[in-house]
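Protein chains in written order, with my numbering: chain A, 12 to 255; chain B, 12 to 255; chain C, 12 to 255; chain D, 12 to 255; chain E, 12 to 255; chain F, 12 to 255.
Every residue gets a Cβ at the ideal spot worked out from N, C-alpha and C, and that includes glycine.
Note that the structure is a prediction, hence the values are computed from the model and not measured.
6 protein chains.
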Amino acid sequence: MRIKVINPNTTLSMTEKIGASARAVAAPGTEIVAVSPQMGPVSIEGFYDEAFAAIGVIDEVLKGEAEGFDGYVIACFGDPGLQAAREIAKGPVIGIAEAAMHMATMIGGGFSIISLIERMLPVMEHLVHGYGMDHHCRSIRKTDLEVLQLEDKCSDARDIVVRECRKAIEEDGADSVLLGCAGMTDLMDYVAQEIGAPAIDGVSAAVKMVEAALSLGLGTSKRHGYAYPLPKPYTGSFSAYSPK
Amino acid sequence: MRIKVINPNTTLSMTEKIGASARAVAAPGTEIVAVSPQMGPVSIEGFYDEAFAAIGVIDEVLKGEAEGFDGYVIACFGDPGLQAAREIAKGPVIGIAEAAMHMATMIGGGFSIISLIERMLPVMEHLVHGYGMDHHCRSIRKTDLEVLQLEDKCSDARDIVVRECRKAIEEDGADSVLLGCAGMTDLMDYVAQEIGAPAIDGVSAAVKMVEAALSLGLGTSKRHGYAYPLPKPYTGSFSAYSPK
Amino acid sequence: MRIKVINPNTTLSMTEKIGASARAVAAPGTEIVAVSPQMGPVSIEGFYDEAFAAIGVIDEVLKGEAEGFDGYVIACFGDPGLQAAREIAKGPVIGIAEAAMHMATMIGGGFSIISLIERMLPVMEHLVHGYGMDHHCRSIRKTDLEVLQLEDKCSDARDIVVRECRKAIEEDGADSVLLGCAGMTDLMDYVAQEIGAPAIDGVSAAVKMVEAALSLGLGTSKRHGYAYPLPKPYTGSFSAYSPK
Amino acid sequence: MRIKVINPNTTLSMTEKIGASARAVAAPGTEIVAVSPQMGPVSIEGFYDEAFAAIGVIDEVLKGEAEGFDGYVIACFGDPGLQAAREIAKGPVIGIAEAAMHMATMIGGGFSIISLIERMLPVMEHLVHGYGMDHHCRSIRKTDLEVLQLEDKCSDARDIVVRECRKAIEEDGADSVLLGCAGMTDLMDYVAQEIGAPAIDGVSAAVKMVEAALSLGLGTSKRHGYAYPLPKPYTGSFSAYSPK
Amino acid sequence: MRIKVINPNTTLSMTEKIGASARAVAAPGTEIVAVSPQMGPVSIEGFYDEAFAAIGVIDEVLKGEAEGFDGYVIACFGDPGLQAAREIAKGPVIGIAEAAMHMATMIGGGFSIISLIERMLPVMEHLVHGYGMDHHCRSIRKTDLEVLQLEDKCSDARDIVVRECRKAIEEDGADSVLLGCAGMTDLMDYVAQEIGAPAIDGVSAAVKMVEAALSLGLGTSKRHGYAYPLPKPYTGSFSAYSPK
Amino acid sequence: MRIKVINPNTTLSMTEKIGASARAVAAPGTEIVAVSPQMGPVSIEGFYDEAFAAIGVIDEVLKGEAEGFDGYVIACFGDPGLQAAREIAKGPVIGIAEAAMHMATMIGGGFSIISLIERMLPVMEHLVHGYGMDHHCRSIRKTDLEVLQLEDKCSDARDIVVRECRKAIEEDGADSVLLGCAGMTDLMDYVAQEIGAPAIDGVSAAVKMVEAALSLGLGTSKRHGYAYPLPKPYTGSFSAYSPK
């Protein structure tokens, strides 16, 4: 099976890191192609960035359908464009936030999310409520880090992440922590070892969820919620996106 | 005060109708400018259409800020782009679905939404849940009509709308009905008279809500949820939208 | 249009202050009449006071209907008598707590309420839950002040209010604060400037909401929830209130 | 122990019937005194009636405290004045709606409420939500009967009640039915036998709940929610009710 | 009436203490028989212990039905086996956690639960959510005590319990506290006096609730949720439990 | 990896069917061992059966830990013993009801559950609420079939299942259907084809979820909710289950 892992931002170094994580957990027969949209924000921090990233995600899914991909991962912890992408995909489309949350409830009781930046908290709160996770989410904690700091070997960024994760377990009563940014995708094992509790990377979780759905012959339901878009003209610069 | 009423689809006849409704309820000192985005879907039916309409809404709000508008109405009953638009606006940005729901709870107990088409039901269900209206929403009913049929004097489209509204009151226990499409904006009085209960047009409600906020000196809060987007480059065809 | 603003307690100095706030935001054509009931508590702090204040509110609405008022504001942050008053009014009846909460969700994400006194917290918690605002209300904070202290220029009462509002924004993650007592109606601008975030006065918000409803031709729905009371005799000292 | 059972309406024949039911289930050492307020509505159908009935309830509790009663039952399925009455009572004050709902969840899964008249449905819906019973309440059904019809031996009123109760069990999946009006207090056994499932009369349930609380030495908590009213003057015709 | 009070663990000293508490509050005509199962955990701390305790509870209820008991109390604050036991009992079966929570909402607003040990917190959180008490439960606090320490006159265990109860009232805003372990059954009066607020012992509360149900002629509903188990063979060591 | 699939009832023909389904979707490297407990009910219909089945599940997990299994599936749509089993397992333990529900929300909007028998509805309602799926579950439908009828080629049992599934899609607005009994595990493809929408078999879904967790190195969190049971003696016939 072929899975397109879409990093909704346009920072290619991060796309590579995400691709590496995805490939590391993919099943033998799974081909992972990690991409970034051709346009959009270099990083995603808030609803405005999400709106543009959603179009980038849609663009990649449209192309992916033509390229014969079987399923998709949206690799940003705000799950941008998830619902729209589902309308145009035959196969499953799964966001890393939802995948991480669903997985968390199956290997523990309550979970906490660690967000790198404060600006994503309102986005995540909407997702938690929308996914029915109000009773499972113990807290959403934040650091004041940027993704790039995680790459800097001399920085204490990883220590800061671990410290917040530890507080989530010890002060907030979480059973597990969710790494609330695709940029932390390579920290899953490190954090888990440091805190002595499961740390869940959404990228990895979503890849396995898409594989799971495909193994069961499940694609996105085309009844009600995510039926194909009704054919109609789009005007102006979006005319190429007119549903047929 | 100057309010930009954004019809998120690109059908100008509908934009005019929406503008007329908005002007009909606007306060003496209020200038209403009704616009459609320069690009996007001609009608909005589902999450895919909403994603593109959101960019159109953002585009109009960005221009609106430069043009000196004080507030904005998003005139589609799915409130597309609402949260993103709030990040870039100094003044209030209010969607017609939220305006109608909030108004309904202040002039009655439970309400029902009448959607023209089935494809908008999942979108509306998300809004109802997100806005905390689960206990106030009695039902979301649909017709199988298209907006244009409402214009056809010979069609029985209006009767069909009235029939569903009546069922909402009599069978579902609603105190009021919400006209779940900006294309029904001119039916408010007609429906209300026919069913003997309040019918709420979101366009009209949202205009008054924006006026209300502005009269109180209230704009969109710039703390937490809707702070201005962080400056960053956007790549490709979206580069013009890079937050400064 | 003529709006009766009912201060449910019988402290006339506060009624005047409330009237002044209402007039300050009222539209040009709006006549504001601020009144207190002829009987009842001098201040409202808890469910017992609310029960008596409700009768005072009802009394003023009954008289208001005879006097030709178009709508009503209930100017106590516990919204006493709101549902009963709706049954007897043709036009809209809006409480300052509900008006403030609805407005808050349209200009920000989460809000906090600042109560002057602890005794109103249980009342407010009931309202938050009943209005479906559980997910929007970040916190209800209290001071240990009395209304009169706010009038005393030498007291540090205003500083205390501002301090709690600031904590709501910075510690509780609120986007805006609601001034949880009609006695703070004149602090809206001052608090907003001090904390750099919207402060919402319910009196002002409710006046604009009533105006909005009336502009749309909306009165209280007479179907189901708030139909006119069924005619019946009331005995004893309440016989004058028998519904006809 | 002495329990005052307050019928919040002023129809004495109903008060007698309520008193008889209460005495029939009271423990040997319990003295039941059934009263009606000296003023107020002859029947309670909606929020307006409830507001006046609340004052009647308060009046009887105030007198009851002087008379040395140990606890109180509020015998109307809208629980009028419950929260206010708790503030002024040392002992427990329990409404028949809450008593019936709590009892129902301990002898079955979901329950349905049978209301005599439609006008009480919105009141009951508020109670169900406020008491946290959303997930246990299967339905609220209504008849179009009046209380007096239940007394008429020639009428088919009882059959109509039984029919709705049966539908609640068979169509709505309820495990038990709550008789949603104190006027049905004598139908508990009859209905239960007819439908082959528990029928719960709130008057009986509340008497036992008050006895239970008193047996445990429990009165109304005077911390936070229901502390005694703060001393203050009440003006006009309510001056006698000023909290000391 | 005869009530079997089942201590789901097999520590007989605790069973005696529970029996004493039950008898202390039982009505004159009530016979209390306190028992422990013949097999199972000596103490209950978590879901694993609960699963085995449930079988012990079932075993005692099965025997109880043959012995002619009228009702049952399950005396562990996790209510183990409650739903299964209801299927096989004609009369009421009530858990001490549910009894305490229901009672708490009738004599106060919000409550807190004091758990002796941390391991019971997840169990209690499930119960709070399942019983619809999310809005009434202010907090679940824990100590690091063991039941036996409460017996030791020289230990400061009681002081620790009182300290947490006080924090629940003063910091968490609870109106009452629930003693979250049957081992604290004898502390009800002591704690209440120390903290100046109601302390509710579930054992006592449940005995009164069973008596209340029986006085009203109410047993467990046999429609839907708790109908008798369908006859079928059980294999192996559980064959004696095959429903007939 | 080695996964033990536990059919909680003791009907071996069903265990074989479940094993076949599990093996059909398992990844190449996965060894599936399908077992039934040595004791317990031959079929599971209600809370009583669930209580005994839970012990059987625990027994198999305890043995499984000694046998070196990496993860477990509980193959009954009531997820019996799930929480207890998690306490004693190092690896993931996943129920078929939860797996099916989580999967459903990732490939569609709302889902419906089709239960073979009515007796499981209350069990399923508890799970839906506990898993936070209230907003995603459109309905729980039932047939009046028994598992064995599905095996009978001459019966119209399959048609009846399909008919209810179709109603779920068309009348209840579900996007997908969950086959609410492990006995329907072989109907997934057939039903999906007949109704033109995804049908989800929990056995298959749970196997993939366990594989997914294991691929990510995730076992059951041992912090808080599902830590290993505290060591203590169990008495009587359960002494062999004493936690060490």
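For residue 150(B), the uninterrupted beta strand (DSSP E) segment begins and ends at 148–153.
Within the DSSP bridge table, the entry for residue 174(D) names no partner.
Taken through DSSP and simplified to helix, strand or coil, residue 88(A) comes out as coil. Measuring C-alpha to C-alpha distances from residue 16(A) to each of 80(A), 150(A), 55(A) identifies 80(A) as the nearest.
Excluding its 5 nearest sequence neighbours in each direction, residue 233(D) has C-beta neighbours in its own chain below 7 Å: 239, listed in chain order. Residue range 58–78 is occupied by the alpha helix (DSSP H) that includes residue 67(E). Closest by C-alpha distance to residue 176(F), out of 146(F), 229(F), 122(F), 157(F), is 122(F). For the pair residue 57(C) and residue 94(D), the Cα-to-Cα distance works out to about 9 Å.
Interface criterion met: the Cβ of residue 140(B) is under 8 Å from a Cβ in chain F.
With fewer than three CB-CB distances shorter than 8 Å, the region 208–216 of chain C does not count as touching the region 133–144 of chain C. As a beta-bridge residue in DSSP terms, residue 190(E) pairs with 125(E), 212(E). Taking the Cα of residue 96(C) as reference, the smallest distance to any Cα among 242(C), 89(C), 70(C), 251(C) is reached at 70(C). Taking a contact as a CB-CB distance under 8 Å, the pair residue 40(D) and residue 21(D) does not count as one, their CB atoms being some 30 Å apart. A check of alpha carbon separations from residue 91(D) across 99(D), 107(D), 77(D) identifies 107(D) as the nearest. Just so you know, the alpha carbons of residue 27(C) and residue 45(B) end up roughly 40 Å apart.
Look at the region 238–253 of chain F: it has no residue with a C-beta under 9 Å from a C-beta of chain D.
DSSP places residue 97(D) inside the alpha helix (DSSP H), whose first and last residues are 93–99.
Residue pairing by DSSP places residue 246(C) opposite 51(D) in a beta bridge.
Counting along the chain, residue 28(C) sits inside the alpha helix (DSSP H) bounded by residues 23–36.
Boundaries of the beta strand (DSSP E) harbouring residue 45(C): 42–46, taken from the DSSP string.
The C-beta of residue 91(C) comes no closer than 8 Å to any C-beta of chain B. Interface flag for residue 207(B) against chain D is unset, since no Cβ pair is found closer than 8 Å. Look at residue 204(A): its C-beta is not under 8 Å from any C-beta on chain B. The beta carbon of residue 242(E) is closer than 6 Å to those of 254, 255 in its chain, skipping five residues each way along the sequence. Contact with chain D is absent for residue 143(B), since none of that chain's Cβ atoms lies less than 8 Å from the residue's Cβ.
For residue 169(E) and residue 76(D), the gap between their C-alpha atoms comes out near 34 Å. The DSSP-derived three-state label of residue 82(C) is strand.
For residue 106(B), DSSP records a beta bridge to 85(B). In the DSSP assignment, residue 13(E) falls within the unbroken beta strand (DSSP E) covering 13–17. Contact check for residue 112(D) against residue 189(D) passes: the beta carbons are separated by less than 8 Å. Secondary structure of residue 130(A) (DSSP, three-state): helix. Straight-line spacing of the CA atoms in residue 187(C) and residue 147(C) works out to 11 Å. Going by DSSP, residue 203(D) is part of the alpha helix (DSSP H) stretching over 199–206. Relative to the Cα of residue 202(F), the nearest Cα in the group 101(F), 246(F), 173(F) belongs to 173(F).
DSSP places residue 162(A) inside the alpha helix (DSSP H), whose first and last residues are 158–162. Sorting 63(E), 102(E), 138(E), 132(E) by C-alpha distance to the C-alpha of residue 119(D) places 102(E) at the top.
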